[in-house]
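Presented below is the structure to which this report refers.
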Amino acid sequence: MSAGHDVQGRVINVVSAAIVREGALLVVRKRGTDSFMLPGGKAEPGEGETETLQRELYEELGCRLHAEGLMLLGHFEAPAANEPGCVVRAAIYCGDLDGRPAIAAEIAEMLWLDVVGADDPPIRLAPLLSRHVLPALCR
């Protein structure tokens, strides 16, 4: 999959990180939205997936993923949480952060979601997260 820069044909291409520590998944909520999702975002022209992911994580959380141990969880597609009528197509990578995450850029809120109890979360989750990423992590 190649990451796109904008909404093209109602499909938004993104790269995101599934960061799990002690059974909890790091999720974020962007300003002006009500659904939690994985940190990450769209590619800039000429960027590959891992370059996009590292830049987006640094912008949003102030840290990056360790290059060693970085693993592709999969490519998934679901209705976009914040763009009605659009579909998000995401490459999801698992890995460990090289520092302590802190809210930055467009992030309004960050929390660690218990993966085990995520089938009935106390927060609203983006469809990509609830339909694809959490089930993949629980396999």
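The sequence shown begins at 1 in UniProt numbering and counts up one residue at a time. Each residue gets a CB set at the ideal place from its N, CA and C atoms; glycine is no exception. A quick note: this is a predicted structure, and the numbers were derived from the prediction, not measured.
In this structure, how does DSSP classify residue 1 when only helix, strand and coil are distinguished? If you number the sequence shown from 1, residue 1 lands on position 1. Residue confidence is low: residue 1 scores 38 on pLDDT, short of 50, so the model does not pin down where it sits. Its coordinate-derived value is still stated next. Of the three classes helix, strand and coil, the one that applies to residue 1 here is coil, per DSSP.
From 115, 90 and 51, residue whose alpha carbon lies closest to that of residue 66: Taking the first residue of the sequence shown as 1, we reach residue 66 at position 66. Put simply, of 115, 90 and 51 the residue whose alpha carbon is nearest the alpha carbon of residue 66 is 51.
Could you check whether residue 37 and residue 128 sit closer than 8 Å to each other, using their CB atoms as the reference points? In the sequence shown, residue 128 corresponds to position 128, counting from 1. In the sequence shown, residue 37 corresponds to position 37, counting from 1. With respect to the 8 Å criterion, residue 128 and residue 37 are classified as neighbours on the basis of their beta carbons.
For the 8 Å Cβ check, are there 3 or more pairs between the region 42-60 and the region 121-138? Taking 8 Å as the limit for Cβ pairs, the verdict is that the region 121-138 does not touch the region 42-60.
Between the C-alpha atoms of residue 124 and residue 63, what's the straight-line distance to the nearest angstrom? Locating residue 124 in the sequence shown gives position 124, where the first residue counts as 1. Locating residue 63 in the sequence shown gives position 63, where the first residue counts as 1. Rounded to the nearest angstrom, the two C-alpha atoms are 25 Å apart.
Who are the Cβ neighbours of residue 115 in its own chain at under 8 Å, not counting the five residues just before and after it? By 1-based counting over the sequence shown, the position of residue 115 is 115. Closer than 8 Å at Cβ, skipping near neighbours: 20, 23, 24, 25, 134, 137 and 138.
Residues bridged to residue 28 by DSSP? The count along the sequence shown starts at 1 and reaches residue 28 at position 28. Residue 28 is bridged to 37 and 110.
Can you have a look at residue 5 and say buried or exposed, based on whether 16 or more other CB atoms are within 10 angstroms of its CB? On the sequence shown, position 5 is the one that residue 5 refers to. In this prediction, residue 5 has a pLDDT of 40, which is less than 50 and means its spatial position is unreliable; nothing more can be read from the coordinates.
Can you find the residues in the same chain that come closer than 8 Å, C-beta to C-beta, to residue 58, ignoring five residues on each side of it along the sequence? Translated into positions along the sequence shown, residue 58 becomes position 58. Spatial neighbours of residue 58 in its own chain (CB-CB distance under 8 Å, excluding positions within 5 residues in sequence) are listed in chain order as 64.
From the DSSP output, in three-state form, read off residue 66 for me. As a first step, residue 66 is located in the sequence shown; it is residue number 66 there, counting from the start. The answer is coil: DSSP assigns residue 66 none of H, G, I, E or B.
Going by C-alpha distance, which of 120, 94 and 106 is nearest residue 60? Residue mapping note: residue 60 aligns to position 60 of the sequence shown, counting from 1. For the residues 120, 94 and 106, the minimum Cα distance to residue 60 belongs to 106.
DSSP-derived helix/strand/coil call for residue 133: Position 133 of the sequence shown, counted from the start, is the residue given in the question as residue 133. Residue state, collapsed to three classes: helix.
Residue 139 - partner residues in DSSP beta bridges: Counted from its first residue, the sequence shown places residue 139 at position 139. In DSSP, residue 139 forms no bridge with anything.
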